[in-house]
Amino acid sequence: MTNIGAEDIVDGNQKIILGLIWTLILRFTISDINEEGMTAKEGLLLWCQRKTACYDDVEVRDFSSSWNNGLAFCALLDIHRPDLIDYDSLDKSDHRGNMKLAFEIASNEIGIPDLLDVDDVCDVPRPDERSLMTYIAYWFHAFSQLERVENAGRRVEKFVNNMHGAWDMQNSYERRVKELLRLIRGQREHWKTSSFEGTYKDAKEQSYQFSLYKRNEKRQWVAEKSDLAALLGNIKTKLGTYRLRPYDPPQELSPENCDKEWEILTREEHERSQLINETIRDIKNKLRRSFADKANDFALTLKTLSLAISGLDGDVEDQLDHVKKLNGNLPPLDAFLDAIAELDQQCAEANIEENDFTTYTLDELAYELSLVKSSISKKLAFLDNQMVARNMTNLTPIQLEEFESVFRHFDRDSSNTLHELEFSAALASLGLVYDEDEMHQVYVEVCGANRLSQNAGVSFEQFIRFMVSVTEDQNTAEQVFQSFKEVADGKPYVTELDLRHSLIPDEVIEHLVKTMPT
501 MTNIGAEDIV DGNQKIILGL IWTLILRFTI SDINEEGMTA KEGLLLWCQR
551 KTACYDDVEV RDFSSSWNNG LAFCALLDIH RPDLIDYDSL DKSDHRGNMK
601 LAFEIASNEI GIPDLLDVDD VCDVPRPDER SLMTYIAYWF HAFSQLERVE
651 NAGRRVEKFV NNMHGAWDMQ NSYERRVKEL LRLIRGQREH WKTSSFEGTY
701 KDAKEQSYQF SLYKRNEKRQ WVAEKSDLAA LLGNIKTKLG TYRLRPYDPP
751 QELSPENCDK EWEILTREEH ERSQLINETI RDIKNKLRRS FADKANDFAL
801 TLKTLSLAIS GLDGDVEDQL DHVKKLNGNL PPLDAFLDAI AELDQQCAEA
851 NIEENDFTTY TLDELAYELS LVKSSISKKL AFLDNQMVAR NMTNLTPIQL
901 EEFESVFRHF DRDSSNTLHE LEFSAALASL GLVYDEDEMH QVYVEVCGAN
951 RLSQNAGVSF EQFIRFMVSV TEDQNTAEQV FQSFKEVADG KPYVTELDLR
1001 HSLIPDEVIE HLVKTMPT
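Quick note: the sequence shown uses the working numbering, first residue 501, plus one each step.
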């Protein structure tokens, strides 16, 4: 400040002293206030206007009358420290009360010196501009400091949040990598400890479970591995953005170690797939060979039986004994065929459609067995019939051949027996016709009570004996009566004409006419 000397201060020149004080205030309190390159006064006024612009009851135009109702001070408090004042509840007409409240809060809560009294500003037509500027400058510096502290706090908060977010991301990365590695190692251990039962069903089930693993767990792990790689990249980017210390995962959780574990999993997965496929192929080949071995053995047995039957020679008794022994070998063949059928079912379940180890199928073997059974059954019947025929000396060979041919023809099921309808048809084919009641009676008598109770039918021997009884010339009363009855054609008497129709010699007819009663 020019034009001032020590003597002015010693002499108490108030004007000079006040001017000096104001200069000091401008230099050290107000001059550093700068808003958009304006002067200190203009900058301070612009700061006040901006802070109070959102309050309808406040209009700051200067550092004089714009402040005398106290609302501008209350607005500055509310905009910076809303926790200290409830602006909306103020009585806007209570100028002194609002001013006093603002000064007390500024002094007690914020630490702004009491440079002014309420009377210095309130209800004064034009408060002193320089005094107000000096006082408001203290408010500016106080709130600027507060804003700097708040800004610093926000930066610290932002830093902590970023650090916390980075730490959370790191913890998440490590936790998820540990879980992924645990699942991978668990799956590998499961493959190592699992075994096959040796059945196609078990191998196919393990193949199905392996397919489920590749569709579900494997795909989830692939996605998780990709997400973890992206997460680690984001962590490094975030730390680099905020210039924080770089993050390097522990060695066992590093991407390199994860890739190594993944390569092991991929290799063992391939080995598992090969093992399952080889097991299924081995089981199928084993089933093929098992079926083929039994089928070939079975076919050889049938061939041996067929050759034994066709090569029979010698006495009837010896042949019959041999065939009976062959017939005794048939029941085990049924059990043998059942075992082959079980293997055939297992082959069908294993989707085996071809078998290079044999040419036989289950149907073919079953059919050939039925042929062997039929051959043995027919051979037994033939030999039994031959034994019977050999004992029937009262029949001519032609008769015996005819009766045997008829019996075999009507023996539809090759059981070497004739049931009632078959028996009736056989007799009718030989010219022996009876009415229904007579036929039933004849069948009952020929069959016998024992065989009739068992529904066994008429045997070949019974059939031949019956045919002998009705064809052999015997002089029993029953046969003679039956012969006369047939000559009379059912009439209760016989005429000479009936006798001549029966081609009886004339001398016999003349004898009968003379001796028979009329």
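Glycine residues also receive a C-beta, built at the ideal position from the N, C-alpha and C atoms. Note that the structure is a prediction, hence the values are computed from the model and not measured.
What residue range does the alpha helix (DSSP H) around residue 713 cover? Along the sequence shown, one-based indexing puts residue 713 at 213. Where residue 713 is concerned, the enclosing alpha helix (DSSP H) stretches over 700-715.
Just to confirm, is the Cβ distance from residue 792 to residue 857 under 9 Å? Along the sequence shown, read from residue 1 onward, the residue named residue 792 stands at position 292. Along the sequence shown, read from residue 1 onward, the residue named residue 857 stands at position 357. Note that the C-beta distance between residue 792 and residue 857 is below 9 Å.
CB of residue 589 within 9 Å of CB of residue 629, strictly: As a position in the sequence shown, residue 589 is number 89, starting the count at 1. As a position in the sequence shown, residue 629 is number 129, starting the count at 1. The answer is no: Cβ separation not under 9 Å.
State buried or exposed for residue 853, treating a residue as buried only when at least 16 other CB atoms are found within 10 Å of its CB. For this step, residue 853 is matched to residue 353 along the sequence shown. By the neighbour-count rule (16 or more Cβ atoms within 10 Å), residue 853 is not buried but exposed.
Give me the Cα-Cα distance between residue 636 and residue 551, rounded to the nearest whole angstrom. Sequence index remark: in the sequence shown, residue 636 carries index 136 (1-based). Sequence index remark: in the sequence shown, residue 551 carries index 51 (1-based). Whole-angstrom Cα-Cα distance: 13 Å.
How many Å lie between residue 816 and residue 825 at the Cα? As a first step, residue 816 is located in the sequence shown; it is residue number 316 there, counting from the start. As a first step, residue 825 is located in the sequence shown; it is residue number 325 there, counting from the start. Answer to the nearest angstrom: the Cα atoms are 14 Å apart.
Helix, strand or coil: how does DSSP classify residue 859 here? Mapped onto the sequence shown, residue 859 falls at position 359. Of the three classes helix, strand and coil, the one that applies to residue 859 here is coil, per DSSP.
Leaving aside the five residues before and after residue 844 along the sequence, list all residues of the same chain whose C-beta is less than 7 Å from its C-beta, in chain order. For this step, residue 844 is matched to residue 344 along the sequence shown. The residues are 791 and 862.
With C-beta atoms as the reference, is residue 466 less than 9 Å away from residue 567? Nothing in the structure corresponds to residue 466, since the chain is present only between 501 and 1018.
Based on DSSP bridge pairs, tell me the residues matched to residue 1002. On the sequence shown, position 502 is the one that residue 1002 refers to. For residue 1002, which the question treats as bridged, DSSP gives no partner whatsoever.
Could you please give the first and the last residue of the uninterrupted alpha helix (DSSP H) stretch that includes residue 839? Locating residue 839 in the sequence shown gives position 339, where the first residue counts as 1. Note, residue 839: alpha helix (DSSP H), 830-849.
Are the beta-carbon atoms belonging to residue 747 and residue 666 less than 9 Å from one another? As a first step, residue 747 is located in the sequence shown; it is residue number 247 there, counting from the start. As a first step, residue 666 is located in the sequence shown; it is residue number 166 there, counting from the start. For the pair residue 747 and residue 666, the CB atoms are nearer than the 9 Å cut-off.
Straight-line Cα distance separating residue 732 from residue 745: Here residue 745 refers to the residue found at position 245 of the sequence shown. Here residue 732 refers to the residue found at position 232 of the sequence shown. Cα to Cα, residue 745 sits roughly 14 Å from residue 732.
Straight-line CA distance for residue 950 to residue 943? Against the sequence shown, residue 950 aligns to sequence position 450. Against the sequence shown, residue 943 aligns to sequence position 443. Answer to the nearest angstrom: the Cα atoms are 13 Å apart.
So residue 794 is in the alpha helix (DSSP H); what residue range does that whole segment cover? On the sequence shown, position 294 is the one that residue 794 refers to. Here the alpha helix (DSSP H) through residue 794 covers 755-810.
Between the CA atoms of residue 796 and residue 786 - distance to the nearest angstrom: Reading the sequence shown from its first residue, position 286 is the one you call residue 786. Reading the sequence shown from its first residue, position 296 is the one you call residue 796. Their backbone Cα atoms lie some 15 Å apart in a straight line.
Just to confirm, are residue 946 and residue 960 a CB contact at a threshold of 9 Å? Here residue 946 is taken as the residue at index 446 of the sequence shown, counted from 1. Here residue 960 is taken as the residue at index 460 of the sequence shown, counted from 1. Cβ distance not < 9 Å, so residue 946 and residue 960 don't count as in contact.
Am I right that residue 616 and residue 631 are in contact with their C-beta atoms under 8 Å? What's the rounded C-beta distance? By 1-based counting over the sequence shown, the position of residue 616 is 116. By 1-based counting over the sequence shown, the position of residue 631 is 131. Their Cβ separation, rounded to whole angstroms, is 6 Å, which keeps residue 616 and residue 631 in contact under 8 Å.
Using DSSP with H/G/I as helix, E/B as strand and the rest coil, what is residue 995? Numbered from its first residue, the sequence shown carries residue 995 at position 495. Correct three-state label for residue 995: coil.
Does residue 1016 come out as helix, strand or coil in the three-state DSSP assignment? Mapped onto the sequence shown, residue 1016 falls at position 516. Coil at residue 1016, not helix or strand.
Between which two residues does the alpha helix (DSSP H) containing residue 941 stretch? What you label residue 941 is simply residue 441 of the sequence shown in a count that begins at 1. Looking at the DSSP string, the run of the alpha helix (DSSP H) that includes residue 941 is 936-947.
Below 8 Å, how does it come out for the region 867-887 and the region 899-918: are there three or more Cβ pairs, yes or no? As far as the Cβ criterion goes, the region 867-887 touches the region 899-918, which means the pair count is three or higher.
Return the chain-ordered list of same chain residues with a C-beta closer than 7 Å to the C-beta of residue 711, the five sequence neighbours on each side being excluded. As a position in the sequence shown, residue 711 is number 211, starting the count at 1. When the five nearest sequence neighbours on each side are left out, no beta carbon in the same chain lies closer than 7 Å to the beta carbon of residue 711.
Close beta carbons around residue 975, own chain, < 7 Å, minus the five adjacent residues each side: The residue given as residue 975 occupies position 475 in the sequence shown. In this prediction, residue 975 scores a pLDDT of 49, lower than 50, which makes its location untrustworthy; no coordinate-derived value is stated.
Please determine if the region 756-773 and the region 829-837 are in contact, where contact requires at least 3 C-beta pairs separated by less than 8 Å. Contact check between the region 756-773 and the region 829-837: fewer than three CB pairs, one atom from each, fall below 8 Å, which does not count as touching.
Identify every residue that forms a DSSP beta bridge with residue 918. The residue you call residue 918 lines up with position 418 of the sequence shown. Beta-bridge pairing links residue 918 to 958.
Identify which residue in 702, 676 and 701 has its Cα closest to the Cα of residue 755. Within the sequence shown, residue 755 is the residue found at index 255, counting from 1. Closest by alpha carbon: 676.
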